[in-house]
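Its first residue numbered 104, the sequence shown is counted upward by one per residue in our numbering. Report on one structure; see the data block that follows.
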Amino acid sequence: MEATGDEALIPHDDQFVVPPNGNVNEMLNVDHEDNMQGQMEEFLGPQADYNEEEEEKKYYRRKRLGIIKNVVAASIGAMIVYSVYMGLLQMQLILHYDTTYREVKYSNLGLQDIDQKMLMGINVTPIIGLLYTPLLIRFLGTKWMMFLASGIYALFVSTNYWERYYTLVPSAVAIGVAIVPLWASLGNYITRMAQQYYECVNYKEEHVQEQKKLPKGACHSYIIVFQSVFNIIFNLSFVFAEFPMAFVLNSVYLHENSHILAQVKDCGAKVTGLIPGFNTTVLKKLPSSMLLIQVESVLMGFAFLSMIIFLGLCGAAYRPTEEIDLRSIGWGNIFQLPFKHLRDYRLRLLCPFFIYSGFETLFAISGFTLSYGVCALGLNKLWLLIVVYGLSASVFSSLSLSLLLLPRWVCLISGAFVHGVLVVVLMAFSPEPNRLKYEAPLLVISALWGLGTALNKTGVSTLLGMLYAEEKERLDFVYTIYHWWQAIAIFIVYLWYGLPMRAKLSILLVTLLLACCCYWVMERRLAKKVPFRLPRIPRPRHKVKGYRYLEEDNSDESDSEGSEEDDREDEREEDDCDVVQNLDGEERDQDGWYQGANSPRARRRGAEGRGQDDGRVNERDGEI
104 MEATGDEALI
114 PHDDQFVVPP
124 NGNVNEMLNV
134 DHEDNMQGQM
144 EEFLGPQADY
154 NEEEEEKKYY
164 RRKRLGIIKN
174 VVAASIGAMI
184 VYSVYMGLLQ
194 MQLILHYDTT
204 YREVKYSNLG
214 LQDIDQKMLM
224 GINVTPIIGL
234 LYTPLLIRFL
244 GTKWMMFLAS
254 GIYALFVSTN
264 YWERYYTLVP
274 SAVAIGVAIV
284 PLWASLGNYI
294 TRMAQQYYEC
304 VNYKEEHVQE
314 QKKLPKGACH
324 SYIIVFQSVF
334 NIIFNLSFVF
344 AEFPMAFVLN
354 SVYLHENSHI
364 LAQVKDCGAK
374 VTGLIPGFNT
384 TVLKKLPSSM
394 LLIQVESVLM
404 GFAFLSMIIF
414 LGLCGAAYRP
424 TEEIDLRSIG
434 WGNIFQLPFK
444 HLRDYRLRLL
454 CPFFIYSGFE
464 TLFAISGFTL
474 SYGVCALGLN
484 KLWLLIVVYG
494 LSASVFSSLS
504 LSLLLLPRWV
514 CLISGAFVHG
524 VLVVVLMAFS
534 PEPNRLKYEA
544 PLLVISALWG
554 LGTALNKTGV
564 STLLGMLYAE
574 EKERLDFVYT
584 IYHWWQAIAI
594 FIVYLWYGLP
604 MRAKLSILLV
614 TLLLACCCYW
624 VMERRLAKKV
634 PFRLPRIPRP
644 RHKVKGYRYL
654 EEDNSDESDS
664 EGSEEDDRED
674 EREEDDCDVV
684 QNLDGEERDQ
694 DGWYQGANSP
704 RARRRGAEGR
714 GQDDGRVNER
724 DGEI
């Protein structure tokens, strides 16, 4: 029976029915997959307009700009910290010295006794800085140590809102604890930035790509430039520290010179102490409490700004793996290594210069400005003398760039010569009290002393960076020793408060001559290529539970297996194997951690490896 036109044909059950548009959908899916695969290959494949070498240049150019940003940020952060600290301390000591201020504001609180305890905490506590500074730097890291130290200075500012014994004295002790770590971290950080800049400039070199030690003298020019930039910016802290004195405690609040210096008979080289006969009432009008709170709030804001600069703008000094390696050598070794580095005759012979560096800075801002400047010109000229000193030190720090062309001894010896002449002049110079005719000579002496300070400070920091430029794992120890000796010198200056001025100048002159002689001996030894000893840096150990980063031994080995034998080997190596460095270009270990094949552990590992290989060969021979 045939179907009519309106009836649909019903297929048999066993007949295959093709869905409508089926072939078209399958072709569309295949085309879509082919199109996706082509887009993926086009995205992941090499780009026609991509220049790998050009992109690499752009990347390292950005890294170099980042390193320059780190140096400038660290310099500005340190400058702000010390501007706030010195400005607040100066204003606080002047206010507390005035008898009327003490009686009206705090009556029986004993501010002078608190100030003596506070100065003792600041000057005495750094003596023990050598014991804990490397531990703090290795534990926290260089950048975080700078941030924490700036926070301690901010804490000192905050305690001045409530001036009591239990606020001022502990915060002063905390500053004494933070001084050596802060300066050791800054010196280490600036030198590390110079090393990183060299690596970014010479990123195609094999020793840079393999993270080996830098060639001798490779980054000296960058160290010179970066240390100069740091000192140019930091020395401006002496200028900004005088803003509270110049704009707050000015002639509106200070008595006339005729009143303040009425009982002063002698100045300069004739005095004993600071200013004998200086009037105990220096304020004719007490500043309001609200004004002092406003000044302290501004200083507190800048202290927080320095913390933000250290935290947000300063990059890391070391790679994460290097940070792990630095603290994985053992805390006992970290504690001992600063003392062991004194075996190096270069550091021992530079110690007199370290001490003189602390002497001359504190003498400039206390002994000279008070016994000569304030005694002759009055308290209202104190800020001017220090501003001239700071500007001079900042501007003349750029003279250290001459080390790019001249020998490295030029900077130190030039600064020593300037200071030597000035010390002799000051021994014979005794201005009359309250005579403005001495203003010009005193300002010239202040500027020349700033010149000597600039050459001295920049020269010592640059010299240390150049001597240990290839030893990035030793920089924190070296700069710790430098600033610890400076702290010892500051403590000595604190103790000589009551000595005659000529005795102080004689100590300065003898220390300066001794420093020059020792430096000359060091340079002669280096010229003769006399070998110097450096303590061995132990290999990093990563034997931490659940942590097998860069583990060379069996990763399934427990923490206790072989630990006693490794300790005995390290002790033998520590006692018997000091690294002897020569200056004649001899081959040195380029791995940075002295992982030479001559160590007992390396020989044992090699023997075990050869034994396992021989065993496998014998097994194969037996099977054959």
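Backbone N, C-alpha and C define an ideal beta-carbon position, used for all residues, glycine too.
| query | Thinking just about the alpha-carbon of each residue, which of Q330, P273, G435, L558 is nearest to the one in T464? | reply | L558
| According to the neighbour-count rule (16 or more other Cβ atoms, all chains shown, within 10 Å of its Cβ), is D216 buried or exposed? | exposed
| task | Please state if the CB of L546 and the CB of F499 are separated by a distance shorter than 8 Å. | result | no
| request: State the start and end residues of the unbroken alpha helix (DSSP H) segment that holds L364. | output: First-last for L364: undefined, no H or E at that position.
| With which residues is P603 paired in a DSSP beta bridge? | T375
| message | So if DSSP puts R295 in a beta bridge, which residue, or which two residues, is it bridged to? | response | Per DSSP, none; premise fails for R295.
| query | For L509, which three-state DSSP category applies? | reply | coil
| query | Hey, would you say F337 sits closer than 8 Å to I489, going by beta carbons? | reply | no
| Where R636 falls: helix, strand or coil (DSSP) | strand
| message | So, at 6 Å on beta carbons, what are the nonlocal neighbours of L611 in its own chain, with the 5 sequence-adjacent residues on each side left out? | response | F462, V526
| request: Name the one or two DSSP bridge partners that L357 has. | output: L386
| task | Compare the Cα-Cα distances from Y536 to each of S361, R167, A177, I183 and report the closest residue. | result | The question names Tyr, yet the displayed sequence has Pro at residue 536. The option with the nearest alpha carbon to P536 is S361.
| request: To the nearest angstrom, report how far apart A419 and Y200 are at their CA atoms. | output: 43 Å
| query | Which value, in whole angstroms, describes the spacing of the CA atoms of Q195 and E308? | reply | 55 Å
| task | Determine the contact status of P766 and P441, defining contact as a CB-CB distance below 8 Å. | result | Here the chain has residues from 104 to 727 only, and residue 766 is not among them.
| said: Suppose the cutoff is 6 Å on Cβ atoms and the five residues either side in sequence are ignored; what does the same chain contact list for V374 look like? | reply: S474, M604
| message | Using 8 Å as the cut-off, can you tell me whether the region 347-362 makes contact with the region 317-331, which would need three or more C-beta pairs spanning the two stretches below that distance? | response | no
| request: Compare the beta carbon distance of K486 and E345 with 8 Å and say whether it is the shorter of the two. | output: As written in the sequence, residue 486 is Trp, which differs from the Lys given in the question. Result yes, Cβ atoms of W486 and E345 sit closer than 8 Å.
| task | Report yes or no: do three or more beta-carbon pairs, one from the region 255-275 and one from the region 289-302, lie closer than 8 Å? | result | no
| Anticipated Cβ contact below 8 Å, A550 with S495, distance rounded | 4 Å
| request: Using a threshold of 8 Å, state whether the C-beta atoms of R167 and V332 are closer than that. | output: no
| query | Are the region 260-274 and the region 402-412 touching, with three or more C-beta to C-beta distances below 8 Å? | reply | yes
| request: Give every residue of the same chain whose Cβ lies closer than 7 Å to the Cβ of E158, excluding the five residues on either side of it in the sequence, and list them in chain order. | output: none
| query | Counting Cβ pairs closer than 8 Å, one from the region 246-254 and one from the region 407-417, do we hit at least three? | reply | yes
| Can you tell which of F407, M569, L452 has its C-alpha closest to the C-alpha of P318? | M569
| Is K560 helix, strand or coil by DSSP? | helix
| message | Please classify K560 as buried or exposed, where buried requires at least 16 neighbouring CB atoms within 10 angstroms. | response | buried
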